[in-house]
Structures are given as C-alpha cells and as structure tokens.
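Inspection log for the structure reproduced underneath, given as structure tokens.
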Amino acid sequence: MSTPLERRLALQQDRRVRYERMVEIRTLENKVQDLFDEGLVHGTTHLCLGQEAVAVGVAAAARTTDQVTCTYRGHGVALALGLTPVQLLGEILGREAGSIGGIGGSMHLCDPEIGLMPTFAIVGAGIPVAAGAALTAQVRGTDDAAIAVFGDGSTNIGAFHEALNLAAIWKLPVVFVCENNQYGEYSRIDLTTPVDDIACRAESYDIPSAIVDGQDPDAVAEAVSGALDQARGGAGPTLLELKTYRYAGHSRADTAPYRPEGEFERWYEKDPIVNFGRRLVDEGVLGDNGVEEVEAAVDARIDAAVELVLASAPAPVAAMFANVLAP
Amino acid sequence: MPRMRMNQAISAAIADEMRSDPDVIVLGEDVAVAEGPFKTSEGLLEEFGPLRVRDTPISEMGFLGAAVGAAATGLRPVVEIMFVEFLGVALDQLSTEGAKFHYLSGGLVKVPLTVRASVGAGLGFGTQHSQTLESWVVGTPGLKLAVASGPANAYGLMRAAIRDENPVVVLEPRRLYARREEVTVGEEGIIALGRARPVVAGDDATVVALGSTVGAATEAATAASWSADVIDLQSLQPWDREMVYESVARTGRLVTVEENPLSGGWGADIVAAVAADLFGELKAPPLRITSPDVPVPFGKELEERYMPSSAYVGEQVTELLDTGRVPPPWWQREEITT
Ligand SMILES: Cc1ncc(C[n+]2csc(CCOP(=O)(O)OP(=O)(O)O)c2C)c(N)n1
Ligand SMILES: [Mg+2]
C-alpha cells in the first residue's frame, strides 16, 4: 500500500494516475453511499460525485508543503491530496484506521503530511484560515502557498469577503478555488446569488480571477498552477471559479427533487472521468483497454480497503478525551 | 388533541402566529421552498407566500441582522439557524446588537425577534454540528432562552417566543424532531416563558432537566427504586426558581442533568442559586450530571456515552442517595481521565 505522500507524488507526475484517482474518488463515493444504505454508517455525508476533476486538478498543482483547506464535501480533495481509501473510509465509519482515529467522521478529515488542514463543516470557515496559512509562508519567507477550496454558496458569507480583502491588501500567497457546483444545499445558485459568475466578485478586491472548466482536470491543474506561481512570486491571491456539477443530492438524505429535468444528463455529457479517460486513450497514455484496467484495479483496491476498515476497531471511548488541548 | 411530530408542532406554532399576526415573517436557509432542512416550516410558503416566508443565502450575519432591524421597526421575524453552531458567525447581531436595543434606546425600541436553532448530539453530525451551546446565549442580559423537550412544549414555547416583545432564542434538540406526542394547540397550548413543567412527582430528589435530557431523567426516575420530582426547566433565561425551590425545599436534594460539558454548563447556575438560597434545607451536595469536557465525538458509541443516558442518571442518583456524596462521573470511575 502506498503512503499518502507517495500517492500524491505519483499523481503529480503522471496523468494516468490522475485518471485513476478520479475513478478512485467516484468508486469510493459510490461505496460510501452503499455503506450508508446498508446502515453501516452513523450520521451524514456529502458526496462529491461529479466534482472529481476539481479535486485532482488542485492536488496535481499544489506542492505537498502547500496548505489546503476544504469543506465537508471533502472526500475527493482528501483522496486527491493523498489520503488513502483506508484512512478516509476508516474516518467515515468511525474506526481507528481513520485519518484522525474515527472521532471526526465524514466531515472531519486531516493529514498535515500532505497539506490537508482539518476540513471545515462550517460554510466559509476555511477561506480565512487558508489566508492565515499563506500568512505563515509570507512571514517565514518560504515559497509555500495556500489553497482554499469552497462552494459557490460560501461566497455569500462574510468570511469569504473578509478573507479576499485581507489577502489582497497583504498580497498573501493564497489561491481561492470556488467549486461552483450550481447548488448550495437545496437552492440553485441563481436563487441566492445575484451574479452569474462568482469570479466577478474578485474585481471589487482588485484580485485577478478566471473561470475554469471544472470538469477537466488538465484545465484545473493548469489554472491552479498558474495562480500558485503568481502567489509564490509575490503577486498575491487569485480567485478561480471552477464550473462543475454535484451529481448527488446535498447530503445523504437529499434526493435532489428540485433539480430541473435534463440538467443532470446535460452535465453528464461533460463527465470528467469519461472525457478524461477518452482523452488519455486518444493520446496513447492509456491503452485500448486502459479504462477497464483502471476500473478493475480501483474496484479491487476499494474492496480491499472496505475489508480492512471493517476489520479495524471502532474508536474506543477513551479516544474522545485525547487531544482536547495540546500538551 | 392532535398527535404531531416535534417538527410538525413547530410548523404549526409558527403558522398559528402567522395567521393571527401579519407582522410575523420567516427567514432562513431552505425554509421556504424546501420547507426547512428539518421540515420545521411545513406548509408556510404555500399558505403565507414568498413575501413573508423567505429562503436566504448562506449569510447568517446578514439575515439575522436584517431580522434585528425588521424587529426593531415593527415586524416579528422568526429566524431559523439550521444548526446552533452557525449562530457563531452571526452572534454579534443577536448578542451585541439586538439584545441591547431596548436598553440603549431608553426603552423606546423593542426587538420582538425569535431565533430558532437545532441543537445537540445523537445523530452522528460530528463535532461542529452537535453542541447544545445554551452557554452562548444564557449570559447575555436582554435575551430570553427556551429549550424544547418534545412536540407539546415546542409548540407552546414557540408561540410564546413569537409573541414576546424581546429577542428570544428557542433551541430544539434535533434528535427529537421525529418524536410524536399529543399537542394542545391554540391559545391553551401556549406556554409562558420562564415557567418550568413538572414531569414526575417524587420525594427523594429534585431532578432538573432541559431539552434532550428530560427523556433520560424521566426514564431514570420512573425505573428507579427511589422517587424524584423531575422538572423540565423549559426556559433558562429566565428560569423558574419558584418551582425548583419549592421542590428542593421538600426533597432536600438537587440533581441537574445536562447535555453539555461540565464546565460552564447551565446547571452550574441552578446549583449556585440553590446552594446559596436553600443551603439549610439540603440533605446532600447538589449533583450535576453532564457530558465530559470534550468536543462532541463522532463514533456512535462515543457519542452515546457523551450524552447522559437514563441508566447513567439512575446510577448517579442512586449513589448520591446511598452515600450522601457526589459520585464521580463515569470518565473518572472508569479511570479514563481525572
Ligand atoms: C455557516 C453555515 N451555515 C449553514 C451551513 C449549512 N450548510 C452546509 S453545506 C451548505 C451549502 C453550501 O453550499 P456551497 O458553498 O455551494 O457548497 P456545496 O455544498 O455545494 O459543496 C449549507 C447551507 C453551514 N454548514 N455553515
Ligand atoms: Mg455549491
């Protein structure tokens, strides 16, 4: 089994691995849904099905010493950054094998080794925290950077605006990555937000911005890389709006009845996995049977991970008392 | 008397107030079209229309602040904060603005605002979505605070809160939303703020519970070899001293049952008041049964241990009665922490 760091480096070096990681994210999210349906999981979960290219593109562009904040919809970002399926499923199932030993659950993942800061269940909360991680890099004079990944709905909360303003005046090395998946909970974006493109919000903070195809991992990686280069070079923050789509409902309980007919099908034509797979076959990066081979390998990996996690002990009661305060 | 789930009782209470007062409006995330993430505004958009029932962006400071402004100028807003933790990003508007307007206007401005929030552990929502956080509200003069423990008092307290001339926070234990019981609706169903509710009568102790712990306290008292008054406090700000004092003066023993960390929990206020005012009547030291001083954990067994169970309440009260001393909490008994 590869370590999180090895998984991350492989993804950065090899586009085949990026494809495989997207398949891994999707397979794992579907597995999480199955485990929920079987009643094996306590609580709730927010799947990122359809948004795999965002996660993989960001992870491909960021260095392992860069810090990433993301949300409760963070399974994909975490896996892309390198978290292993066992660490993720272990956390979701409350097992000792989880990334924080099973006391966090689906919404609370963390692995400092790969720059995954504790994930946030409060909307918008990770955005200023990423600015703070960038402040550390600036004060210490390293050329690390930070990335905040957050949803479209989060751009209506004060934390978003305060963080952009602060990062702009201090020229902090941070990239704001908005995954515009068209919905915040059960509300379509246009019902809560007066602008069509979130990217335009950068203008009032004098921050450069771009709209990016969030269903294309190459496009995401390129845009994030470019923004990170700017940030490291002292040019300050960038706001990237990645247009994407949430295939599942908001959370476990939501069947998305509010979605207009045909919308999912239209987005599925842009499916990041199908299209990237095709591209890699055309380029010869994947062989003719490459897609099937990757799927088979990933299926086997996820099945093995589920088995390992189900064999791992539930977090012991004493675990809730650990790490409340640092020694 | 209709049988209702707690979320239906809340919807019904808001609807009844909206029918009788056109100034009542409802704001919150997904409260209108989707009728609330916990279905606590069922039928409201349909009956009262989009002018009075509004979905908001994810902007708690914005819409809670707007509700303060609307309340100060004549409306009676009912604001939903989906999980009480989200109050964190809006607390200024409630505690430092809304709660102070009456005082800082020389009594000329009133803020008849109701802020509803779901609270508590038990559903596996994890550390940032499982606290009760009465403590964020209770120490702020100018605010009232009520906590529902089931459909009937959710209905009655909600109506009283909406009618009150002050900002009132109503906390709703999330794991009770699906609980059903008979609810007295209409004027008779309204429960005055500041009044507790006797649940079980007994002689050996006074067990004061709130919200989610009323069930555990009641079960414990019903199953035990001892007998106790179980009091559902219902309101924390103000709280019903009269009922609690009358009971403790008779039983000589006070127990609070709290789903919150030991430090800073609401029971500390009750215990301090009783210890000071009824010192001579006490036959045993007051006992606080609480959660440990830790963030709410996720794992099912951990989360269940976090919340005081009826069995645990039973054991602790039994030991208090047997020994006349405050028993150590489970985490000390099991030598997990000191
Ligand atoms: C401050 C705060 N308000 C409300 C919520 C409840 N909530 C959780 S996710 C969500 C929608 C967020 O939408 P968006 O930012 O677009 O992210 P997405 O879920 O689409 O990834 C809401 C309202 C929250 N967690 N925190
Ligand atoms: Mg969204």
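Chains A and D, in that order, give the protein sequences.
Counting from 1217, one number per residue, gives the positions in the first sequence under this note's numbering.
Counting from 102, one number per residue, gives the positions in the second sequence under this note's numbering.
Glycine included, C-beta positions come from ideal geometry on N, C-alpha and C.
It should be emphasised that the depicted structure is a prediction, and the values quoted were computed from it without experimental measurement.
Original post:
Could you give the C-beta distance for residue 234(D) and residue 194(D), rounded to a whole number, given that I count them as a contact under 8 Å?
Top reply: So it is not a contact: roughly 16 Å between Cβ atoms.
**OP:** List in chain order: all unbroken beta strand (DSSP E) runs of 3+ residues lying wholly within the region 178 to 262 of chain D.
**Re:** 215 to 220 and 245 to 248
Subject >> In DSSP terms, what residue 308(D) is bridged to >> reply: 331(D) and 356(D)
Original post:
Are residue 179(D) and residue 127(D) closer than 8 Å when you measure CB to CB?
Top reply: yes
Subject >> heavy atom of ligand 1 below 7 Å from residue 183(D) C-beta >> reply: yes
Subject >> Bounding residues of the beta strand (DSSP E) (the contiguous stretch that carries residue 1341(A)) >> reply: Premise fails: residue 1341(A) is in no beta strand (DSSP E) and is neither H nor E.
Original post:
With distances taken from each beta carbon to the nearest heavy atom of ligand 1, which residues come in below 7 Å, in chain order?
Top reply: 1262(A), 1287(A), 1288(A), 1289(A), 1337(A), 1338(A), 1339(A), 1340(A), 1366(A), 1367(A), 1368(A), 1369(A), 1370(A), 1373(A), 1395(A), 1397(A), 1399(A), 1400(A), 1401(A), 1462(A), 1466(A), 130(D), 159(D), 161(D), 183(D), 184(D), 187(D) and 190(D)
Subject >> Contact with chain D by residue 1403(A), beta-carbon distance below 8 Å >> reply: yes
Subject >> chain D contacts made by the region 1332 to 1355 of chain A, where a contact means CB separation under 7 Å >> reply: 1337, 1338 and 1339
**OP:** Whole angstroms is fine: what's the gap from residue 1431(A)'s alpha carbon to residue 212(D)'s?
**Re:** 48 Å
Original post:
Got a sec: which bits of the region 158 to 188 of chain D sit with their beta carbon under 8 Å from any beta carbon on chain A, in order along the chain?
Top reply: From the region 158 to 188 of chain D, only 158, 159, 160, 161, 162, 163, 186 and 187 have a Cβ closer than 8 Å to chain A.
Original post:
Using a C-beta to C-beta distance shorter than 9 Å, which residues of chain D count as neighbours of residue 1252(A)?
Top reply: In chain order: nothing, as chain D lies at least about 11 Å away.
**OP:** For residue 1443(A), decide whether its Cβ has a neighbour in chain D, counting only Cβ atoms nearer than 8 Å.
**Re:** Chain D, which has no Cβ nearer than 8 Å to the Cβ of residue 1443(A), makes this no.
Subject >> Simplified DSSP state of residue 1423(A), which is helix, strand or coil >> reply: coil
Subject >> Environment of residue 384(D) [buried if 16+ CB atoms lie within 10 Å] >> reply: exposed
Subject >> Short Cβ contact (8 Å threshold) for residue 1287(A) with residue 1330(A) >> reply: no
Original post:
If you draw a straight line from the C-alpha of residue 1444(A) to the C-alpha of residue 1505(A), how long is it?
Top reply: 35 Å
Original post:
On the three-state DSSP scale, how would you describe residue 1364(A)?
Top reply: strand
Subject >> Three or more C-beta pairs below 8 Å linking the region 247 to 263 of chain D and the region 1523 to 1539 of chain A >> reply: no
Original post:
From what residue to what residue does the beta strand (DSSP E) around residue 119(D) run?
Top reply: No beta strand (DSSP E) contains residue 119(D), which is instead part of the alpha helix (DSSP H) from 107 to 121.
**OP:** Identify whether residue 1234(A) lies in helix, strand or coil by the three-state DSSP scheme.
**Re:** In the displayed model, residue 1234(A) falls within a helix according to three-state DSSP.
Original post:
Which value, in whole angstroms, describes the spacing of the CA atoms of residue 1477(A) and residue 209(D)?
Top reply: 53 Å
Original post:
Does any residue of chain A bring its CB to less than 8 Å from the CB of residue 432(D)?
Top reply: yes
**OP:** List the residues of chain A that residue 402(D) touches, going by C-beta distances under 9 Å, in chain order.
**Re:** 1310, 1530, 1531, 1532 and 1533
Original post:
Taking 8 Å as the CB-CB cut-off, is residue 1537(A) touching chain D?
Top reply: Yes, its Cβ sits closer than 8 Å to a Cβ of chain D.
**OP:** Could you list which residues in chain D have their beta carbon closer than 9 Å to that of residue 1370(A), in chain order?
**Re:** Correct list: 159.
Original post:
Going by Cα to Cα distance, which pick from 1342(A), 1239(A) and 1336(A) is closest to residue 1296(A)?
Top reply: 1239(A)
Subject >> Per DSSP, cross-strand counterpart(s) of residue 129(D) >> reply: 156(D) and 181(D)
Original post:
Do the CB positions of residue 1433(A) and residue 1242(A) come within less than 8 Å of each other?
Top reply: At a Cβ-Cβ threshold of 8 Å, residue 1433(A) and residue 1242(A) do not count as neighbours.
Subject >> Interface flag, residue 1258(A) vs chain D, CB-CB below 8 Å >> reply: For residue 1258(A), the nearest CB of chain D lies under 8 Å from its own CB, placing it at the interface with that chain.
Original post:
Do we get a CB-CB distance below 8 Å when we pair residue 1324(A) with the residues of chain D?
Top reply: Yes, because at least one Cβ of chain D sits closer than 8 Å to the Cβ of residue 1324(A).
Subject >> residue 1406(A) versus 1230(A), 1369(A) and 1436(A), residue with shortest Cα-Cα distance >> reply: For residue 1406(A), the nearest C-alpha among the options comes from 1369(A).
Original post:
Can you list the residues of chain D that residue 1373(A) reaches, using a CB-CB cut of under 9 Å?
Top reply: 158, 159, 160, 161, 162, 163 and 190
Original post:
Alpha carbon to alpha carbon, how far is residue 1462(A) from residue 1291(A)?
Top reply: 13 Å
Original post:
Looking at the structure shown, is residue 1481(A) part of a helix, part of a strand, or coil, going by DSSP?
Top reply: helix
Original post:
Can you tell which of 432(D), 414(D) and 249(D) has its C-alpha closest to the C-alpha of residue 1533(A)?
Top reply: 432(D)
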